[in-house]
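Notes to accompany the following structure.
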Amino acid sequence: MEDVLTTTGYAIALKNMNAYFETHDVRYVADDAVFINMGTGERTEGREAIGKMLDYFYHIAFDARAEFINSIITEKKAMVEGLFVGKHIGEFAGLPATYKTVSVPLCVTYNIENGLIQEARIYMLTDVLMQQLRG
1 MEDVLTTTGY AIALKNMNAY FETHDVRYVA DDAVFINMGT GERTEGREAI GKMLDYFYHI
61 AFDARAEFIN SIITEKKAMV EGLFVGKHIG EFAGLPATYK TVSVPLCVTY NIENGLIQEA
121 RIYMLTDVLM QQLRG
């Protein structure tokens, strides 16, 4: 017999993660979530701080969006492969706006609890990003 709780948990995780991938709305992030940049070890903790970090990357330093190539979603885990695509419009890593267009590969793995993102581990090719900004 199929486990109703597992099916329901999976359905909620699937719905919420797909909505998050589309919008980056922090309502899909747990209050005490942690996002970790695996390249630098930098940790962003808490829904509000994560929202500010995402806003900085997608709307202040860059006018950008995520283009998704592949994703896997289960009740407790998710993974997305994609590209960070946009224009450099504000200060980033000490560089003033260059107005250059960037397209940077990234992969993010997520831990999910109660349908919300509890932890994200971000693998972004920062060396590729910096080459595109400086090149």
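Here the numbering used here is used: the sequence shown runs in plain steps of one and ends on residue 135. For each residue, glycine too, the CB sits at the ideal point set by N, CA and C. If you're wondering where the values come from, they're calculated on a predicted model, not measured in any experiment.
The three-state secondary structure of Met38, taken from DSSP, is coil. For Ile60, no pairing in a beta bridge is given by DSSP.
Note on geometry: alpha-carbon atoms of Gly39 and Asp127 lie some 10 Å from one another.
Listed as beta-bridge partners of His88 by DSSP are Phe62.
The DSSP-derived three-state label of Asp25 is coil.
Between the stretch 17-35 and the stretch 113-120 there are three or more inter-stretch CB-CB distances shorter than 8 Å, so the stretches are counted as touching. For the pair of segments examined, the stretch 89-97 was found not to touch the stretch 45-54: the number of CB pairs separated by less than 8 Å stays below three. Look at Leu125 here: in three-state DSSP terms it is coil, with no helix or strand label. Taken through DSSP and simplified to helix, strand or coil, Asn16 comes out as helix. Taking the Cα positions, Lys15 is about 11 Å away from Glu75.
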